[in-house]
Amino acid sequence: MEGKKERDVIVVGAGPAGAMTATILAQKGHDVLLLDRVPFPRDKTCGDAVPAGAIERMHHYGMKEKVDTAVARGEFYPLKSLKIVSPRAYEIQALLEKGHEGSDSYVAPRMYFDHVIQQHAIDSGTQFCVAQAKEPIVEDGRVVGVRAQTNGSISDLRARLVIGADGVTSAIARRLRPKTEQHEDAHRAVALRAYIEDLEEIPHEVEFYLYKDILPGYAWIFPIGENRANIGLGMRLDQFRKHKLNLEKMLQEFLQMPAIKPRVKKGGQLHDVATWQLNFGSQAQMQHVFDGALLVGDAAGFINPITGGGIHNSIISAELAAEVADEALKKGDTSYEGMQVYEQRCHDELWEGMQKSYRMQNWFMHFPVLVDILVRFGRQSQSLTQTFLSKL
Ligand SMILES: Cc1cc2nc3c(=O)[nH]c(=O)nc-3n(C[C@H](O)[C@H](O)[C@H](O)COP(=O)(O)OP(=O)(O)OC[C@H]3O[C@@H](n4cnc5c(N)ncnc54)[C@H](O)[C@@H]3O)c2cc1C
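Have a look at this one:
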C-alpha cells in the first residue's frame with residue numbers, strides 16, 4: 001500500500017455500505033482504496049435477512065451474476081413469506097412481495113453476502129487492502145486521509161475524500177462527530193445472533209416473535225436451509241439495561257417456549273453465538289457530512305428501529321454518498337459546504353420511515369396489547385406486517 005500517493009477516495013470498511021460506495025465510485029472512474037481491518041470472506045453478526053429491494057440495487061451495479069451464483073450454490077436462501085407472533089400468540093402471515101424487477105428476498109449469511117459486494121468492488125477497479133483505520137487525519141479542520149495500521153506498522157494514507165463505512169464502532173465517526181452527538185441508549189439496541197442446526201424450519205419463511213418480555217424488540221428464526229437457521233433476539237438498549245437482562249439466557253428461554261421447543265431436535269446445536277450493537281436512524285440531528293468526509297451505513301447510524309434492518313439502508317446511503325462524492329470530486333470541492341446536500345438527501349430518503357418506526361416501537365413498549373390487536377386484526381390494518389415487510 002503506497003502511503004504517499006493521494007487517492008480520490010479512501011473508503012474505510014468493506015461491509016455492504018463501504019463496498020457498495022467503493023463499487024459505484026470505481027465504476028464512475030475514481031481512484032478508490034477500500035480498507036477493512038480483516039480479510040474477506042468474514043462473518044458479521046447479523047440476522048442475514050436481505051430484502052429484494054437491496055438485491056435489485058446490487059443488480060443495478062452489475063452483481064446479478066454473482067448473486068445468482070450464490071443462490072445456485074445454496075449460499076443465499078430464498079424467502080417466500082413472513083410470520084409475526086404476538087405476545088398472546090396470535091399469528092399473522094404475509095407473502096413477501098418480489099422486488100420491482102422480480103427479485104426474491106434472501107437469508108444470506110454475511111460470510112457470503114458481504115463477499116459478493118466486496119469482490120464486486122475489486123472487480124470494478126477498487127484497490128482493497130487489509131488495514132485498520134486508527135483515525136482520520138485532520139489538518140486545519142479538514143479530513144485529508146486516514147491513519148491506518150497494516151502488519152503492525154502505521155501509515156498515513158491521503159485522499160481528497162474519506163468515506164467512513166466502518167460500522168457501529170466507527171473510528172471515523174468517533175473522531176469527527178461532536179461528543180454531544182453520540183447515540184443515546186433509547187436509539188440503540190443490543191442483539192444476539194446464533195446459527196442453529198436441528199431446528200425444524202418453516203421452509204422459506206422468516207419468523208418474528210414479539211413476546212411481552214422482549215418488546216419493543218423481538219426474537220427471530222430466519223432459515224438458511226433444511227433444519228438450519230439464523231436465530232437470535234434483540235432489545236432496545238435502555239430497556240435491556242433497565243431490566244438487567246442476559247441475552248444468552250433469553251435465547252435459552254426462547255428455545256424452551258411451547259411454540260419452539262417441539263421443533264428443536266437432538267438438543268439443537270448452536271454455533272457462532274455472538275452479540276453486537278445497532279444504532280437506529282431515529283435520533284435527530286446527527287451529522288453525516290464533514291470537511292473532506294462522509295459517513296454511510298451503520299457508521300452513520302441508519303438502522304430501522306423496529307425491524308433492526310440496516311443492510312438495505314446501508315446500500316441506499318452508499319448510493320446517495322457515491323452520487324454526492326462523484327459530484328464533489330468532479331467540481332473539486334469536497335468541503336462540508338460542497339457536500340452538505342448529502343444530509344438533505346439522506347433525510348428525504350430515510351427520515352420519515354425512521355420516525356414512523358420509532359413511534360411504533362414506543363407504542364409497543366408501553367402497550368404490548370397493541371401488538372396483539374394489530375396481529376389479530378392484521379388483515380384489516382396491515383400496518384405491522386407492512387412495516388416489517390418494507391423495513392426489513
Ligand atoms: C444481531 C444483528 C442482527 C441484524 N440483523 C439484520 C438483518 O437481518 N437484516 C438487516 O438488513 N440488517 C440487520 N442488522 C443490521 C446490519 O447488520 C447492519 O445494518 C449492516 O451490517 C450495516 O452495514 P455496514 O456496511 O454499514 O457495516 P458493517 O457491516 O458493520 O461493516 C463494517 C466493516 O468495517 C470494518 N471495520 C470496522 N472498523 C474498522 C476500522 N477501524 N478500520 C477498517 N475497517 C473497519 C469491519 O470489519 C466491517 O467489515 C443486524 C444487526 C445485528 C447486530
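Residues 1 to 392, numbered by our numbering, are exactly what the sequence shown covers, in order. Just so you know, even glycine gets a beta-carbon here, dropped at the ideal spot from N, CA and C.
Whole-angstrom distance between residue j and residue i, CA atom to CA atom
i, j, result
"Leu247", "Met339", "41 Å"
"Pro39", "His115", "10 Å"
"Gly332", "Val143", "15 Å"
"Gly217", "Leu192", "12 Å"
"Val190", "Asp43", "18 Å"
"Glu135", "Ala148", "7 Å"
"His120", "Glu65", "11 Å"
"Asp326", "Lys265", "53 Å"
"Lys179", "Ala173", "10 Å"
"Gln355", "Gln361", "10 Å"
"Leu95", "Lys330", "44 Å"
"Arg241", "Asp104", "37 Å"
DSSP-derived helix/strand/coil call for residue i
i, result
"Leu210", "coil"
"His120", "helix"
"Leu245", "coil"
"Thr180", "helix"
"Lys28", "coil"
"His271", "strand"
"Ile202", "coil"
"Gln132", "strand"
"Gln283", "coil"
"Asp114", "helix"
"Tyr61", "coil"
"Arg37", "coil"
"Glu6", "strand"
"Asp166", "coil"
"Ile306", "coil"
"Arg359", "helix"
"Met257", "coil"
"Phe388", "helix"
"Tyr90", "coil"
"Gly297", "helix"
Contacts around residue i, its chain only, beta-carbon distance under 6 Å, and the 5 residues preceding and following it disregarded
i, result
"Glu394", "As displayed, the chain neither begins before 1 nor continues past 392, which places residue 394 out of reach and without an answer."
"Asp186", "Residue identity differs from the one stated: residue 186 is Ala in this sequence, not Asp. Only Asp238 meet the Cβ criterion."
"Gly125", "Ala26"
"Cys46", "Arg110"
"Val369", "none"
"Glu75", "Tyr112"
"Glu101", "Glu56"
Contacts around residue i, its chain only, beta-carbon distance under 7 Å, and the 5 residues preceding and following it disregarded
i, result
"Cys346", "His288, Ser317, Leu320"
"Gln132", "Arg37, Ala148, Gln149"
"Glu343", "His288, Val289"
8 Å contact criterion, which residue i and residue j should meet: CB distance rounded
i, j, result
"Ala299", "Gly13", "7 Å"
"Gly268", "Ile196", "5 Å"
"Ala49", "Val107", "6 Å"
"Pro16", "Ser314", "4 Å"
8 Å CB neighbourhood of residue i in its chain, flanking five on each side removed
i, result
"Glu205", "Leu79, Lys80, Ser81, Leu82, Lys83, Gln93, Pro223"
"Gln285", "Glu181"
"Leu278", "Val168, Arg188, Ala189, Val190, Ala191, Gly234, Asp298, Ile303, Gly308, Gly310"
Contact with chain D by residue i, beta-carbon distance below 7 Å
i, result
"Leu34", "Protein chain content of the structure displayed is limited to a single chain, and chain D is not contained in it."
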